[in-house]
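Asks: This is the structure I want to talk about, given as structure tokens.
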Amino acid sequence: MGNALWPLIAAVSLLVSAALPLEDAKFVSARQAMVERISHQDPSHPIQDPNLLDALREVPRQLFVPKRHASKAYADVQLSIGKGQRLSEPFVIAYMTQTLEPKPTDRVLEIGTGSGYQTALLSRLTKEVYSIEIYPALAKRAQKVLADLGYSNVQVRVGDGYRGWPEKAPFDAIIVTCKPDHIPEPLVDQLAMGGRLVIPVGVSKTSQLVVVRKTEKGLVEEKRLSVDVLPMKGEAVRKPR
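Under the working numbering, think of the first position of the sequence shown as 41, with each following residue one higher.
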């Protein structure tokens, strides 16, 4: 019986292989090199979450940037994605994602979809990801890439991220990749009790990456690190120090 099924299994495998384009080996190699580099890039803030490292090895970052930037996708540089927005260096995105301490059971709200790359990482680390992008063109492109790659546990919408997504609340974790001058109250309201929020805040270029947890007594700060971020929009663009 088992042997009789092999021709069918082989035929299905061929169909699946034909439907999925082969990834250029140079990108696979570049991604492995990127993971090795950023895991040791800052000894004081090592990237060591094994699940995150696996996600970094698997998510094709080059598909989340314009084709003209694909060759630089895994370099330690910021890349323009349109509308004045940039995709941050791999280390910064990995560091912010790790700081959130995502769990497989988490429902996460991400403010600032951007390219959709961090959304893809979170998709592999959590149960559900809800992401908001203020620019329709970026949201539409991110949605398409995420759908093409099969990230079915992600929803992206266009809107003002600082108002959150009340219909989908409460969230176990919230990550903000753009910089307000304070923590928006709607995001606090939509964070589940015991949930963690990671957000860069401040009015100057050098701001604080603040990590807080929601308790019965209010927000309790767990960590505060100096980072350089884009004013009002865009992801953190330099490593913590």
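C-beta atoms are modelled at their ideal positions from N, C-alpha and C, and glycine is treated no differently. On a predicted model such as this, the values are computed, not experimentally measured, just so you know.
Okay, do the segment 100-113 and the segment 137-149 touch, 3+ Cβ pairs below 8 Å being the bar?
Replies: At 8 Å Cβ cutoff, the stretches do not touch.
Asks: Going by the CB atoms, is the gap between Phe104 and Tyr175 shorter than 8 Å?
Replies: Result no, Cβ atoms of Tyr175 and Phe104 do not sit closer than 8 Å.
Asks: From what residue to what residue does the alpha helix (DSSP H) around Val68 run?
Replies: Note, Val68: alpha helix (DSSP H), Ala65 to Ser79.
Asks: Comparing alpha-carbon positions, which option in Ser84, Tyr191, Lys180 and Val216 lies nearest Ser163?
Replies: Per the Cα distances, Tyr191.
Asks: Identify every residue that forms a DSSP beta bridge with Arg253.
Replies: Note: Arg253 sits in a beta bridge opposite Arg236 and Val260.
Asks: Identify which residue in Leu149, Arg236 and Ala232 has its Cα closest to the Cα of Asn193.
Replies: The shortest C-alpha separation from Asn193 is found at Leu149.
Asks: On the DSSP letters alone, give me the boundaries of the beta strand (DSSP E) that Tyr170 sits inside.
Replies: Unbroken beta strand (DSSP E) run through Tyr170: Glu168 to Glu173.
Asks: Give me the Cα-Cα distance between Arg147 and Ile215, rounded to the nearest whole angstrom.
Replies: Roughly 11 Å between the two C-alpha positions.
Asks: Can you tell me the Cα-Cα spacing of Leu96 and Ile151, whole angstroms?
Replies: C-alpha separation (whole angstroms): 20 Å.
Asks: Return the CA-CA distance between Ser69 and Asp116, expressed in angstroms with no decimal places.
Replies: Using only the alpha carbons, I get a separation of about 15 Å.
Asks: Can you give me the C-alpha to C-alpha distance between Leu265 and Gln125, rounded to a whole angstrom?
Replies: So the alpha carbons of these two residues sit roughly 23 Å apart.
Asks: Output yes or no for whether 8 Å exceeds the beta carbon distance between Ile87 and Gln118.
Replies: In this structure, Gln118 does not lie closer than 8 Å to Ile87 by Cβ.
Asks: Below 8 Å on the Cβ atoms is my guess for Met136 versus Thr217; work out the distance and round it to an integer in Å.
Replies: Their Cβ separation, rounded to whole angstroms, is 7 Å, which keeps Met136 and Thr217 in contact under 8 Å.
Asks: Exposed or buried, what is Arg108 when buried is set at 16 or more other beta-carbons lying within 10 Å of its beta-carbon?
Replies: Result: exposed.
Asks: Counting only runs of 4+ residues fully inside the segment 94-161, write out the alpha helix (DSSP H) ranges in chain order.
Replies: Counting whole runs of 4 or more residues, the segment 94-161 contains the alpha helix (DSSP H) stretches 130-139.
Asks: How many angstroms separate the CA atom of Ile239 from the CA atom of Lys180?
Replies: Those two C-alpha atoms are separated by around 24 Å.
Asks: Do Glu173 and Val132 have their CB atoms nearer than 8 Å?
Replies: For Glu173 and Val132, no; Cβs fall outside 8 Å.
Asks: Below 6 Å CB to CB, which residues in the same chain sit around Phe67 once its five sequence neighbours on both sides are set aside?
Replies: Closer than 6 Å at the Cβ level, and outside the excluded window around Phe67, lie Gln102.
Asks: Kindly identify the DSSP beta-bridge partner or partners of Gln195.
Replies: DSSP output for Gln195 lists Tyr170 as bridge partner(s).
Asks: Along the chain, where does the beta strand (DSSP E) containing Asp212 start, and where does it finish?
Replies: That run of the beta strand (DSSP E) goes Phe211 to Val216.
Asks: Under a three-way DSSP split, which group does Gln88 fall into?
Replies: Reduced to three states, the DSSP call for Gln88 is coil.
Asks: What distance in whole Å lies between the Cβ atoms of Gly235 and Ala177, which are believed to be in contact at a cut-off of 8 Å?
Replies: Contact flag wrong, Cβ pair sits at about 31 Å.
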